[in-house]
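Numbering (the numbering used here), first residue to last: 633 to 806. Beta carbons: idealized from backbone N, C-alpha and C, even for Gly. Contents: one structure, followed by commentary.
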């Protein structure tokens, strides 16, 4: 059974900008992103989401992708057809997750993106994109925000199974 760290490393490894990164580097970044998600969830009070509106609609299941939810300008849109589809796929793959639990995880994931301080995450990751003598430009680690948001969603949703494991397991079952 893969751990969240293993799954996060796999996610980073599958990101095109990381194909030549060392296993050690990917594990370090994955661990930092997971820890940031843990910290974000631990410091979050359930009652602080009043500024976010939740709307539900159809249209998340497309031929080449499944969009569960998205956050845009203070609104989280949850796609009900995607919830139904993913709950069915999860059951077919042996995961006992309800549609409501998936909904809660999807909303939490989007809230994490709303709350994430990308500059702070990048500082913790410590990736250098450019160095000119004593000066360095901090780089962005593609995929790290997703890892942190998945971890946050796991804490906030109460899912028994990790959202990273669900995402990995269901990726091939569109």
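Three-state class that DSSP yields for residue i in the structure shown
i	result
residue 787	helix
residue 778	helix
residue 769	strand
residue 664	helix
residue 694	coil
residue 635	coil
Residue i, buried or exposed, once every other Cβ within 10 Å from all chains shown has been counted against 16
i	result
residue 777	buried
residue 729	buried
residue 783	buried
residue 701	buried
residue 792	exposed
residue 735	buried
residue 636	buried
residue 643	buried
Supposed close pair residue i, residue j - CB separation, criterion 8 Å
i	j	result
residue 797	residue 639	6 Å
residue 733	residue 795	About 10 Å separates the two Cβ atoms, so there is no contact after all.
residue 731	residue 715	5 Å
residue 780	residue 725	The pair is not a contact, with the Cβ atoms about 25 Å apart (cut-off 8 Å).
For this session: Decide yes or no for the touch test of the stretch 783 to 798 against the stretch 667 to 677: beta carbon pairs closer than 8 Å, at least 3 of them.
Result: yes
Exercise. So, do the stretch 685 to 700 and the stretch 752 to 763 have three or more beta carbon pairs nearer to each other than 8 Å?
Worked result: no
Exercise. Between the stretch 740 to 748 and the stretch 702 to 710, do three or more beta carbon pairs fall short of 8 Å?
Worked result: Output reads yes: the stretch 702 to 710 touches the stretch 740 to 748.
Exercise. Which runs of the alpha helix (DSSP H) spanning at least 4 residues fall entirely within the stretch 709 to 759, listed in chain order?
Worked result: 712 to 724, 731 to 747, 750 to 757, all fully within the stretch 709 to 759.
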